């Protein structure tokens, strides 16, 4: 499998990204995800720039954004992303009660999505303007 | 396809659920989704009871919960649920700026989930206690 | 989009497959799915041979197999397949009560799959032998 | 990751659910899935009540329902659910021949779902009334 | 639903992106996808910059990249993306024979992915080094 | 879990398939995937015949086909298939630069698929003819 590249072994372009990640997240080292992406510095940079931009505080705060990230990762069954973003969400303030409610919503949504599929429900006119 | 059952044609068990939905959501009529589920009153009731419970205010507020619902529906490609829950989220206070940021997070998460898969990233030890 | 090829316009290799489908399913014409696949007679034949083999009576009867096909199609959100296989399941004996129960199981399974993901449940030792 | 809560450590509300699971399934202990959900007793109860209801004998028998559950879990790639429900299906009477046929149907359905997507097959008029 | 924003109505930041898309792709107008994203100029720009970068000629040529894009879109069941990227692939040189083979591979891969899940196949040691 | 059946323990029908796999792929032994499928010789044969047919050189060469297989497997999150087909793609000539670009396209496609869903983009008329 692709090797994980530590800071010490990373080319300058990758190190620059690692530095920005560490500074932005206030961590001593980057996650394995970034060490794997360092195999392709262009993708590493583009991916980090996207993540940094979309996860920054805005109309939605970072905690909400991390919980959305967990919801997507759980829906897709990505074990790595579920683990890493659940940790990030906790760091951003997600309590156990929030996590429990988040999981309950994700599960229910995945259920009703399929009921809508199976019952072939037509979209209500009211939703077409919006 | 399964027919949509209006209140006027619904059996008493289904009407009781329709009444509760309308009261809880403060609407004059229920969505097509519930009219389709009325074909199976047991599933209609069980599904509504779950949705009512998991979407109620709690550690997470209803707006956040609706946005999570949208995130899951968009990830799964459920057109009906995307339309209905986007409308519900707006009704709960989601602005266009929030919607835009939500979409950006969902898209990014779906991308990085696959990078984690393709690069076969091992879960960091730090996430195993979490 | 790829055109649908009717029997009258189909090359001999495709017609042979159409004949076998009609004979096996006791129908006057094939579904749009097969008319689309007729654009690639090799895939048409290979796909039909697979479907014919896996859907034949065996340890599982055709009704159960059609309901499984619906379950997969609903899970994946394939509108065409949901419609065509729901019709096939009804033709094979699926009643409305069976359909309702099938949908309820599919919805519940899609929910608990995500709870298992989100709670990162380790596989019980008892399940490793089997 | 969320801890697994054994019966001995579970709060009364969770123990009541564990008791019902053990009684209903005639087992000495509950699966890891339920031990994980015990972190959120409300979700534990609601999930068990749903599973108990939808998996009970009805128009479809429990064996068919467990095989549908396996089909969904395999389609979604949920390793935990595939393992646990395959075991449950065997306990309910699924033979190796049934399992083999089930897998063959699931695989074929996942293939033809994508052919229908890629060839953009329009739904036959005959399926619109159903 | 979000409105589609034409060039004439687009803010300067969005117009700049539209201009670059049209120049890069040698087209007179942009697709509906970009008109929808113009509701959020930041996401419009970031998405276009990513697409432009990843779809440019490199170790893989644009035709192969477009076919991969179709494969992903068909797997996910995204109707819009399947339509738009199939058109783009044809424009880049995909013949009907290539399309047919692409669909056959995508279908087969979606089938064997589930067989690997259902049979719980352990990864061969030989694949762990790479 | 289903046992892996080695050549020495395989029934004649399965051995014949193993022989053909080894001859076609020029390998000394078959992958775990085939050893698992050997539990159902009919599915083993049908699956191999499909894989052999669709992955053969044609309008698309085997390297492109293997990369498409990786793209689908990564999208679906199938760990086994990602590992085995990444190895096969390397064997067919995929360089690290090709792998990196492939991953970047897959990630981007999974992102834009969801933007198209969330923004509910209508298919452009130009794409309806094709």
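Protein chains in written order, with my numbering: chain L, 369 to 498; chain W, 369 to 498; chain A, 369 to 498; chain Z, 369 to 498; chain E, 369 to 498; chain P, 369 to 498. Built from N, CA and C at the ideal position, the CB exists for glycine as well. It should be emphasised that the depicted structure is a prediction, and the values quoted were computed from it without experimental measurement.
Euclidean distance between Cα positions of residue i and residue j
i: residue 370 of chain L; j: residue 470 of chain L; result: 33 angstroms
i: residue 426 of chain L; j: residue 420 of chain L; result: 12 angstroms
i: residue 492 of chain E; j: residue 482 of chain E; result: 17 angstroms
i: residue 406 of chain P; j: residue 438 of chain P; result: 23 angstroms
i: residue 447 of chain Z; j: residue 490 of chain E; result: 12 angstroms
i: residue 417 of chain Z; j: residue 458 of chain A; result: 29 angstroms
i: residue 434 of chain W; j: residue 463 of chain W; result: 13 angstroms
i: residue 378 of chain A; j: residue 392 of chain A; result: 19 angstroms
i: residue 498 of chain A; j: residue 488 of chain E; result: In this prediction, residue 498 of chain A scores a pLDDT of 49, lower than 50, which makes its location untrustworthy; the coordinate-derived value is nonetheless stated afterwards. Taking the straight line joining both Cα atoms gives about 10 angstroms.
i: residue 383 of chain W; j: residue 480 of chain L; result: 20 angstroms
i: residue 415 of chain L; j: residue 422 of chain E; result: 12 angstroms
i: residue 429 of chain L; j: residue 388 of chain A; result: 59 angstroms
i: residue 453 of chain Z; j: residue 424 of chain A; result: 24 angstroms
i: residue 374 of chain P; j: residue 390 of chain L; result: 49 angstroms
i: residue 449 of chain W; j: residue 449 of chain Z; result: 25 angstroms
Residue i and residue j closer than 7 angstroms at C-beta
i: residue 411 of chain L; j: residue 472 of chain P; result: yes
i: residue 478 of chain L; j: residue 478 of chain A; result: yes
i: residue 460 of chain L; j: residue 431 of chain L; result: yes
i: residue 409 of chain W; j: residue 381 of chain W; result: yes
i: residue 467 of chain L; j: residue 484 of chain W; result: no
i: residue 486 of chain A; j: residue 442 of chain L; result: yes
i: residue 440 of chain Z; j: residue 474 of chain A; result: yes
i: residue 396 of chain Z; j: residue 372 of chain Z; result: no
i: residue 436 of chain L; j: residue 413 of chain L; result: no
i: residue 465 of chain Z; j: residue 495 of chain A; result: no
Where residue i meets chain Z, residues with beta-carbon distance less than 8 angstroms
i: residue 421 of chain W; result: 410 and 414
Amino acids of chain A, ordered along the chain, whose beta-carbon sits closer than 8 angstroms to that of residue i
i: residue 496 of chain P; result: 369
Under 7 angstroms from the C-beta of residue i: neighbouring residues of chain E
i: residue 426 of chain Z; result: Near residue 426 of chain Z there are no residues of chain E at all, since even the closest Cβ is about 25 angstroms away, more than 7 angstroms.
Partners in chain W for residue i, counting only beta-carbon separations shorter than 8 angstroms
i: residue 487 of chain P; result: 471
Proximal chain Z residues relative to residue i, where beta-carbon distance stays under 7 angstroms
i: residue 490 of chain A; result: 400
Residue i: contacting residues in chain P (beta-carbon distance under 7 angstroms)
i: residue 439 of chain E; result: 436, 439 and 440
i: residue 385 of chain E; result: Simply none; closest approach about 14 angstroms.
Q | Residues, ordered as in the chain, of the stretch 442 to 461 of chain E that lie near chain Z by beta-carbon distance below 9 angstroms | A | 442, 443, 444, 445, 446, 447, 450, 451 and 454
Q) For the stretch 463 to 484 of chain W, which residues have a beta carbon sitting closer than 8 angstroms to at least one beta carbon of chain A? A) none
Q: Give the residues from the stretch 389 to 410 of chain W that approach chain A closer than 7 angstroms (Cβ to any Cβ), ordered along the chain.
A: 407 and 408
Q) Enumerated in chain order, which unbroken segments of the beta strand (DSSP E) with a length of 3 residues or greater are wholly contained in the stretch 375 to 428 of chain P? A) none
Q | Contained alpha helix (DSSP H) runs [length at least 4] in the stretch 421 to 467 of chain A, N- to C-terminal order | A | 430 to 444 and 447 to 459
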